[in-house]
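One structure is given here, and the rest of the page talks about it.
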Amino acid sequence: MLDDSLTETLDYHGLNAMLNLYDENGKIRFDADRKAARQYFLQHVNQNTVFFHSLDEKLGYLVDEDYYDAAVLGLYDKKFLHRIWDEAYAKKFRFPTFLGAF
């Protein structure tokens, strides 16, 4: 197990690099990977997240910025898009590993 005082001073790059260093028992430091994922969100993702007041505002932004295709979204009823968004959001998914998050 990693010393919390050490991991609190490392950024997500440093924590991710610790996967290449085995612990005193010769095991991979998977806890460093989980901590790297958390730090990645705290140090990078959260600071760069754009806030929207509604799903419609968010989808409009994603279309305007060419992340989503308006023609594809237009194939779906607005109520369906809201329902599927609410279902996905309700899962409160978090990436458990840095590789998954990055």
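In the numbering used here, the protein residues as written are 11 to 112. Every residue, glycine too, gets a C-beta built ideally from N, C-alpha and C.
Q57 vs Y22 beta-carbon contact at 8 Å: The residue labelled residue 57 in the question sits at position 47 within the sequence shown. The residue labelled residue 22 in the question sits at position 12 within the sequence shown. Not in contact: Q57 and Y22 (Cβ atoms no closer than 8 Å).
The segment 33-47 in contact with the segment 102-111 per 3-pair CB rule at 8 Å: Cβ pair count under 8 Å is three or more, so yes.
Spatial distance of A46 from A81 (CA atoms): Taking the sequence shown and counting its residues from 1, the one referred to as residue 46 is at position 36. Taking the sequence shown and counting its residues from 1, the one referred to as residue 81 is at position 71. Each residue's CA atom was taken as its position, placing A46 and A81 some 38 Å apart.
Residue from H54, E97, H92 whose Cα sits closest to the Cα of D66: Taking the sequence shown and counting its residues from 1, the one referred to as residue 66 is at position 56. Answer by Cα proximity: H92.
Among K102, F90, L29, K89, the one whose alpha carbon lies nearest that of R44: Residue 44 sits at position 34 when you count from the first residue of the sequence shown. The shortest Cα separation from R44 among K102, F90, L29, K89 belongs to L29.
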